[in-house]
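Here the structure is laid out as structure tokens; the discussion comes afterwards.
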Amino acid sequence: MDLNFRSIFQRTFYYQFNSVHVLTYVLTYHKHGAGKGILRLYISNIAAPKNLIKNTNGNFSKINKVPNLVCPECGEVLGVPTISKGQRRAYRMRQGYFHRKLEK
Ligand SMILES: [Zn+2]
Numbered sequence: 194m195d196l197n198f199r200s201i202f203q204r205t206f207y208y209q210f211n212s213v214h215v216l217t218y219v220l221t222y223h224k225h226g227a228g229k230g231i232l233r234l235y236i237s238n239i240a241a242p243k244n245l246i247k248n249t250n251g252n253f254s255k256i257n258k259v260p261n262l263v264c265p266e267c268g269e270v271l272g273v274p275t276i277s278k279g280q281r282r283a284y285r286m287r288q289g290y291f292h293r294k295l296e297k
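If you want our numbering, it's the 1-based position in the sequence shown plus 193.
Here it is in structure tokens:
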């Protein structure tokens, strides 16, 4: 595929998520296409860190077996596992508990 085509139509944005109280790095998320809404993070789009990906990649029979997304510093719950409309596993993020930053 032509690179220009790809960059226009398949832009991927990387967001860094930090817990808001101590600005601790939580994860890196890649999002396809523009759009502000990031209240649900598709688990398969979490790009880093490796230990989080490993924790969420297990063979969980039910969505409620997937571990909560927690602040690595204090264990505060930042997101809870859910199933999106498209039947994908996602974290529903708690508003006000995280800060996101677009990586360039
Ligand atoms: Zn914390």
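C-beta atoms are modelled at their ideal positions from N, C-alpha and C, and glycine is treated no differently.
This one's a predicted model, so the numbers in the text were calculated from it and none came from an experiment.
**Asked** Any idea what DSSP makes of S237, helix, strand or coil?
**Response** Within the sequence shown, the letter at position 44 stands for residue 237. DSSP places S237 in helix when its eight states are reduced to three.
**Closest Cα partner of C267 within the set L216, Y208, Y207, Q209** = Indexing the sequence shown from 1 puts residue 267 at position 74. Looking at L216, Y208, Y207, Q209, the one whose alpha-carbon comes closest to that of C267 is L216.
**Request:** Ignore the nearest five residues each way along the sequence and tell me which others in Y218's own chain have a CB closer than 6 Å to its CB.
**Result:** Here residue 218 refers to the residue found at position 25 of the sequence shown. Contacts found: N211.
**Message:** On the DSSP bridge list, what partners appear for L220?
**Reply:** Walking along the sequence shown from the start, residue 220 turns up at place 27. Partner(s): F210.
**Whether I256 touches P274 by CB criterion (8 Å)** = Walking along the sequence shown from the start, residue 256 turns up at place 63. Walking along the sequence shown from the start, residue 274 turns up at place 81. Cβ distance < 8 Å, so I256 and P274 count as in contact.
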